[in-house]
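Its first residue numbered 0, the sequence shown is counted upward by one per residue in numbering that gives the first Met the number 0.
Idealized CB from N, CA, C, for every residue including glycine.
Bear in mind the structure is a predicted one, so any value in this text is a computation, not a measurement.
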Amino acid sequence: MAAPKVKQDMAPPGGYGPIDYKRHLPRRGLSGYSLFALGIGSLLLGYYTLVKWNRERRRLLIEDLEARIALMPLLQAEADRRTLRLLRQNLDEEAKIMKDVPGWKVGESLFHTDRWVPPTLDELYYLRPTSEMDNEKFGLQYYV
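Structure (structure tokens):
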């Protein structure tokens with residue numbers, strides 16, 4: 000038996016076309032220079048907003064200080080009135096307690112000076128309940 004005729008695959012006449020073996024990667028993202036410029040731009044924007052906020056914060060701080068300076072005489076006057084009221088109540092209470100003691104002078108100063116000496120909290124609250132003095136000394140620290 001005769002072998003069948005086999006047709007061998009051959010290149011087309013003129014040969015095959017060139018084979019594309021190079022890498023063709025698509026461009027991904029921005030270039031290095033543009034990323035660098037973007038980073039510098041974001042830094043400059045951040046510094047600008049930081050300087051702007053610091054100026055605003057300083058302006059607000061100066062406004063708060065000016066308001067505090069303006070209110071200080073009023074607050075000091077209120078504290079002085081409260082002190083004088085407590086001293087007057089203490090003198091009245093002292094006069095009531097020491098009325099039977101001969102030679103007792105109500106309100107006689109303990110200090111040998113003519114100058115005003117601000118009273119301590121103990122002097123202001125010695126005839127009052129201890130809870131009032133503790134509240135004045137410690138305020139809201141009990142809750143902390």
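- At a Cβ-Cβ threshold of 8 Å, K136 and L120 count as neighbours.
- Across the structure, V116 and E122 are spaced so that their CA atoms are roughly 11 Å apart.
- Considering only G45, G38, G13, L139, the residue with the shortest C-alpha distance to L29 is G38.
- DSSP places T48 inside the alpha helix (DSSP H), whose first and last residues are 31-96.
- Below 8 Å, enough C-beta pairs join the region 83-93 and the region 102-110 to call them touching: three or more.
- In the three-state DSSP reduction, F137 falls in the helix class (H, G or I).
- Around the beta carbon of Y124, 16 or more other beta carbons sit within 10 angstroms, so the residue counts as buried.
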